[in-house]
Amino acid sequence: MKRLLTPLAALALVASAALPAQAEDPFIIVQSTTSTQNSGLLNYILPIFKKKSGIDVRVVAVGTGQAIKNAANGDGDVLLVHAKPAEEKFVADGQGVKRFDVMYNDFVIVGPKSDPAKVAGGKNAAAAFKAIADAKAPFASRGDDSGTHKAEKRHWKAAGVDIDKASGDWYRSTGSGMGATLNTAAGMNAYALTDRATWIAFKNKGELEIVVEGDPKLFNQYGVILVNPEKHKHVKVKEGQQFIDWLLSAEGQNAIRSFKVDGQQLFFPNAETAEKKKAG
Amino acid sequence: MFESGSILSLAVGLVVSGDPELWSIIALSLRVSLTAVALACLIGLPLGAFLAVVKFPGRGGLVALLNAFMGLPPVVVGLFVYLALSRSGPLGVLGLLYTPTAMIIAQTILVTPLIAALARQSMADLHGEYDEFFRSLGLSTRQTIGALIWDGRYSLSTAALAGFGRAIAEVGAVIIVGGNIEHVTRVMTTAIALETSKGDLALAMALGLILIAIALLVNVAVLSLNRTAKRLAYA
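Top to bottom, those sequences are chains A and B. Following our numbering, the numbering of the first sequence begins with 88 at its first residue and continues without gaps. Following our numbering, the numbering of the second sequence begins with 15 at its first residue and continues without gaps.
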């Protein structure tokens, strides 16, 4: 028994010793969405914040629905997501302190170059969704209650299409993240709704390209909320608030603006900064 | 679509470049999974031997349960540990969620039944052979279990390796309780899942090759230790 365990224990020791000493820096946990992580935005702006504040930001990147639920369980200090109605409900329920606009980008509809539903070049999301449904062209949905999925459902409703009836037929609900859904869409040459940031940074586009963009209804707003310390005593109010203040400051907003992939700006800051307010 | 040669050279390049980030991810993977397997052995080996040696009513049912738990879905174990460690859960005050400790707990739960079930099977076979001999020596149950584990140590190392294989390969549990946080709880499997979701399939596959190579190295290390020990024992 001992002899059996010794090599294992030795290996475990070696592995622990090989690890750099755990940072003692203060840290906060941010529940956020896959789009902010997969696009590379957080990897770009968080080191800038860390340099200024000394605070480590640990990001749990999941769908907006799951992020909000995790935060409501108290498993995070700050929530950074993109589903305004759900965020406002989170604050109204007393789970969050206050919601602030941080930045926006937009959703795009991507689809195969062959474009079986003949929607390419359109600027009306609802009309495109209607055409996809009429053509029974394959459509890959997140199906995971994320911010993108919530937005997609709004467009189907506007198009007057009952997708529940089509599920499993031309409508494929993947129940997974944006990247996994795009992989699926690329694999079956399906249409999909995605945020532009994830799309630009995504590397497995296959035959897919943007077919519809520019509809004001495809607007995608991100908000930030401090988890309510009155509900969850352990929330790191000082550090969490410091992060939110920085995101909303001119410096944080500039950091968001200067993040680019392939020369393209992916997120557009639109916080009500103190400077902007002064300027009126 | 992808050339296997380019993926292989990407994998080799990653290892050779000595990228500190990659190495810290590999080290965390090993630390979490090896610790979990060591803990699972401490619980699972005596438990398996006990079930092989001691007859009691309901033993058959317990063995069936143990065997069924070999197939515990990692994502269910992850969910269970998340609910226990969440700030809203019974153990929330410990603040363990999104730490390597949480990942070790989840993997220990995941592999203990596997190690116990495999240990029980090989101990039962061994016990059948030695039963009369042990009885003639007048060994107590505790002594019998100790002697069986010692005699069966080589086949038990296979059980431990099976446990290690399950732990190092799973993603469902660690991604829920660890959160895949960069520099804190990101391990090989969650890094592979992340790169896949970014659509960087070549990098994901290269990381997969590295993971397989690590598993191979650990297996070779344990087998050669076994062989050396055997040679010394019979020399």
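Here a beta-carbon is modelled for each residue, glycine too, at the ideal position from N, C-alpha and C.
Taking the beta strand (DSSP E) that P199 of chain A belongs to, which residues open and close that run?
G183 to P199
Taking S171 of chain B as the reference, give the member of B:V201, B:L223, B:R156 and B:S136 with the closest Cα.
B:S136
By alpha-carbon positions, which one of A:V178, A:R145 and A:K318 ends up nearest to P134 of chain A?
A:R145
T210 of chain B CB to nearest chain A CB: under 8 Å?
yes
Burial state of A110 of chain A, where buried means 16 or more other Cβ atoms lie within 10 Å:
Summary for A110 of chain A: the model assigns pLDDT 48, below 50, so the residue's position carries little reliability; its value from the coordinates is reported in the next sentence. A110 of chain A should be labelled exposed.
Given that G161 of chain A touches chain B, what residues does it touch there, using C-beta distances under 8 Å?
S100, R101, S102 and G106
Should N130 of chain A go down as buried or exposed, given a rule of 16 or more other Cβ atoms within 10 Å for buried?
exposed
With DSSP run on the structure shown, which of helix, strand or coil describes N270 of chain A?
helix
By Cβ distance, which residues of its chain are closer than 8 Å to V236 of chain B, with the 5 residues on each side in sequence left out?
S171, A174 and L175
Rounded to whole angstroms, what is the Cα-Cα separation between E317 of chain A and Q182 of chain A?
9 Å
In chain A, which residues lie less than 7 Å from Y112 of chain B when you measure between Cβ atoms?
I116, R145 and V147
Determine, using beta carbons only, whether R186 of chain A and F226 of chain A come nearer to each other than 8 Å.
no
Taking C-beta pairs closer than 7 Å, name the residues in chain A that I195 of chain B reaches, listed in chain order.
R145, V146 and V147
With distances taken Cα to Cα, identify the nearest neighbour of M190 of chain A among A:V248, A:H236, A:A284 and A:K156.
A:A284
Pairing CB atoms from the stretch 265-278 of chain A with CB atoms from the stretch 153-162 of chain A, are three or more of them under 8 Å?
no
Let me know if W286 of chain A comes out buried or exposed under the rule of 16 or more other beta-carbons within 10 Å of its beta-carbon.
buried
How is the beta strand (DSSP E) around S102 of chain B delimited, first residue to last?
Segment: none, S102 of chain B is in no beta strand (DSSP E) and carries neither H nor E.
What are the start and end residues of the beta strand (DSSP E) that includes V168 of chain A?
V165 to V168
Identify whether V68 of chain B lies in helix, strand or coil by the three-state DSSP scheme.
coil
Between which residues of its own chain and A207 of chain B is the CB-CB distance below 6 Å, once the five residues before and five after are set aside?
V185
Under the DSSP definition of a beta bridge, which residues are partnered with T120 of chain A?
A:V149
In whole angstroms, give me the CA-to-CA distance for A52 of chain B and G58 of chain B.
10 Å
Which residues of chain B have a Cβ atom closer than 8 Å to the Cβ of L267 of chain A, listed in chain order?
Correcting the residue type first, residue 267 of chain A is Ala in the shown sequence and not Leu. Here the neighbours are T210 and S211.
Alpha carbon to alpha carbon, how far is Q352 of chain A from S345 of chain A?
7 Å
Check whether V95 of chain B and V198 of chain B have beta carbons under 8 Å apart
no
By the criterion of Cβ-Cβ separation under 7 Å, what are the contact partners of V198 of chain B in chain A?
R145
Check for me: the alpha helix (DSSP H) holding Y144 of chain B runs from which residue to which?
P114 to L151
Quick check on A108 of chain A - is its C-beta less than 8 Å from some C-beta in chain B?
Note that A108 of chain A scores a pLDDT of 45, beneath 50, so its modelled location is shaky and nothing firm can be said.
I'd like the span of the alpha helix (DSSP H) that includes F83 of chain B, first residue to last.
R73 to F83
Can a CB atom of chain B be found closer than 8 Å to the CB of D349 of chain A?
no
Where D272 of chain B meets chain A, residues with beta-carbon distance less than 7 Å
There is no way to answer for residue 272 of chain B, as the model of chain B reaches only from 15 to 249.
Of all the CB atoms in chain B, is at least one closer than 8 Å to the CB of T235 of chain A?
no
Three or more C-beta pairs closer than 8 Å, one from the stretch 217-225 of chain A and one from the stretch 190-206 of chain A: is that the case here?
yes
Tell me which residues of the stretch 294-320 of chain A have at least one Cβ-Cβ distance to chain B shorter than 7 Å, keeping chain order.
H319
Smallest Cα separation from A63 of chain B: which of B:I195, B:G109 and B:I129?
B:I129
From which residue to which residue does the alpha helix (DSSP H) around F178 of chain B run?
R167 to A183
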